[in-house]
Amino acid sequence: MDPGAELEALTAATPDAGGIASFVGKVRASGGVEALELSHYEPLTLPGMQELAAQAEQRFALMGLTMIHRIGTMGPGDPIVLVGAAARHRRDAILAVDFCMDHLKSAAWFWKREKRGGEWHWIEPRIEDHADLARWS
Amino acid sequence: MDPGAELEALTAATPDAGGIASFVGKVRASGGVEALELSHYEPLTLPGMQELAAQAEQRFALMGLTMIHRIGTMGPGDPIVLVGAAARHRRDAILAVDFCMDHLKSAAWFWKREKRGGEWHWIEPRIEDHADLARWS
Amino acid sequence: MAVTILFLGPLRDLAGAETLEVEAPLDWSGLLGSVGEEVADQLQQERVNVACAGRVLADKTALKAKDGDEVALLPPVSGG
Amino acid sequence: MAVTILFLGPLRDLAGAETLEVEAPLDWSGLLGSVGEEVADQLQQERVNVACAGRVLADKTALKAKDGDEVALLPPVSGG
Numbered sequence: 004m005d006p007g008a009e010l011e012a013l014t015a016a017t018p019d020a021g022g023i024a025s026f027v028g029k030v031r032a033s034g035g036v037e038a039l040e041l042s043h044y045e046p047l048t049l050p051g052m053q054e055l056a057a058q059a060e061q062r063f064a065l066m067g068l069t070m071i072h073r074i075g076t077m078g079p080g081d082p083i084v085l086v087g088a089a090a091r092h093r094r095d096a097i098l099a100v101d102f103c104m105d106h107l108k109s110a111a112w113f114w115k116r117e118k119r120g121g122e123w124h125w126i127e128p129r130i131e132d133h134a135d136l137a138r139w140s
Numbered sequence: 004m005d006p007g008a009e010l011e012a013l014t015a016a017t018p019d020a021g022g023i024a025s026f027v028g029k030v031r032a033s034g035g036v037e038a039l040e041l042s043h044y045e046p047l048t049l050p051g052m053q054e055l056a057a058q059a060e061q062r063f064a065l066m067g068l069t070m071i072h073r074i075g076t077m078g079p080g081d082p083i084v085l086v087g088a089a090a091r092h093r094r095d096a097i098l099a100v101d102f103c104m105d106h107l108k109s110a111a112w113f114w115k116r117e118k119r120g121g122e123w124h125w126i127e128p129r130i131e132d133h134a135d136l137a138r139w140s
Numbered sequence: 003m004a005v006t007i008l009f010l011g012p013l014r015d016l017a018g019a020e021t022l023e024v025e026a027p028l029d030w031s032g033l034l035g036s037v038g039e040e041v042a043d044q045l046q047q048e049r050v051n052v053a054c055a056g057r058v059l060a061d062k063t064a065l066k067a068k069d070g071d072e073v074a075l076l077p078p079v080s081g082g
Numbered sequence: 003m004a005v006t007i008l009f010l011g012p013l014r015d016l017a018g019a020e021t022l023e024v025e026a027p028l029d030w031s032g033l034l035g036s037v038g039e040e041v042a043d044q045l046q047q048e049r050v051n052v053a054c055a056g057r058v059l060a061d062k063t064a065l066k067a068k069d070g071d072e073v074a075l076l077p078p079v080s081g082g
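Protein chains in written order, with our numbering: chain V, 4 to 140; chain E, 4 to 140; chain X, 3 to 82; chain G, 3 to 82.
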């Protein structure tokens, strides 16, 4: 995934937007994480993301929405997830990114584990992630 | 201003960040705006933006912040303003972008006018822009 | 034909396998009896979901998997 | 030496000029008397600010500009 190219494509596809908001989540370069692995369950994951995109488009006045979540093994510095939203007004774009990220973090069908000191550890969402998600309901 | 290159530079400068949020505001390609002109008052504008950046860094746990606002005459599709924020946790990054944009829109020393049908018209902040700003105080 | 049980995320480690083939039909008690004690304990927690044939069950104890169905065991997610 | 009055944004159109040189010292009533009726009307609105020598005045009616100072008239802003 090339976040810059994806955002450029979204910008080009939405000439009438007044702005593009985005978030790129990546593997931290320090902190001892040697690798990150994201797994999914294909029959649920993609339909779930499509439903999430539909919800975002219903809630916010968007002109375009890009949502990419990688799976597989990634190394320090690698991008994991990208959300980009184009809208007439900036707060629709910013809020759509916030909304989609909260859902991708703790309500989409992905499982994450980290390799530290040669050992894999499964990661559960933080308490804050659930609180962030609850803001939207 | 090349938003993609700026975000890439911010990403490269903050290897320990878990994510980068951004907003790029641009001149809409349609809607009849032929040109947009942004003017400023140098003795106040840059110090004001530096003070805004300091406030954002105080409020949010940031690892990096990029804030660029162009002046002069721009055409349809051109970027006007970019805010990028790198943070350990995504909501600090997203909120910092939201905060800086609200202030750049209606509390920074810029004046904007649009050319429509060959005539220049000064733009005042929208009521919503003032309401957005008031959220932070 | 049979029912395929698929272990996702950390449940894969607990099960020591990615999949398990069992005879159809498969209901909730049959599932609990097939997956080993550790996974069965997890399954009984509210935060673990079960999907059958590509749909998450609103009530997992109502599971009725038939020949050819895939039953996915879904622990709490963590994306991004 | 003198005081330079600088018209920003839409005030430039109202004034019909970018700058105006006036004799020092310059106080609030001197400013109102120098800039023409239209700009003076605007200046008396709360939403118009005045900066002197690079600082926005908390109380613009307390203006005391001296030789060499720049007095900037700042209408409501609109960035982004």
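Even glycine gets a Cβ: it sits at the ideal position worked out from N, Cα and C. This one's a predicted model, so the numbers in the text were calculated from it and none came from an experiment.
- Scanning V:30, V:14, V:23 for the CA closest to the CA of residue 82 of chain V turns up V:30.
- Under the Cβ criterion of 8 Å, residue 4 of chain V is not counted among the residues facing chain X.
- Among the residues facing chain G, residue 139 of chain E is not included, as its CB has no counterpart in that chain under 8 Å away.
- Close partners of residue 76 of chain G in chain E (Cβ separation under 8 Å): 44, 47, 112.
- Closest in alpha carbon position to residue 72 of chain V, among V:95, V:46, V:104, V:78, is V:104.
- Selection V:117, V:90, V:130 evaluated against residue 38 of chain V yields V:117 as nearest (Cα-Cα).
- At a cut-off of 8 Å between beta carbons, residue 80 of chain X contacts chain V.
- Around the Cβ of residue 25 of chain E, a 10 Å sphere holds 16 or more other Cβ atoms; the residue is buried.
- By the C-beta density criterion, residue 71 of chain G is buried, having at least 16 other C-beta atoms within 10 angstroms.
- Residue 74 of chain V sits in coil when the DSSP states are folded into three classes, being neither helix nor strand.
- The alpha-carbon of residue 136 of chain V is positioned some 19 Å away from that of residue 76 of chain X.
- Of the candidates V:106, V:93, V:124, V:106 places its Cα closest to the Cα of residue 133 of chain V.
- Secondary structure of residue 67 of chain G (DSSP, three-state): strand.
- A distance below 6 Å between beta-carbons, with the five flanking residues on each side excluded, links residue 58 of chain G to the following residues of its chain, in chain order: 51.
- The residues 38, 40, in chain order, have a CB closer than 6 Å to that of residue 76 of chain V in the same chain once the five nearest residues on each side in sequence are set aside.
- Here DSSP, grouped into helix, strand and coil, assigns residue 59 of chain E to helix.
- At a cut-off of 8 Å between beta-carbon atoms, residue 11 of chain E makes contact with chain V.
- Spanning the alpha carbons of residue 122 of chain V and residue 45 of chain X requires a straight line of approximately 25 Å.
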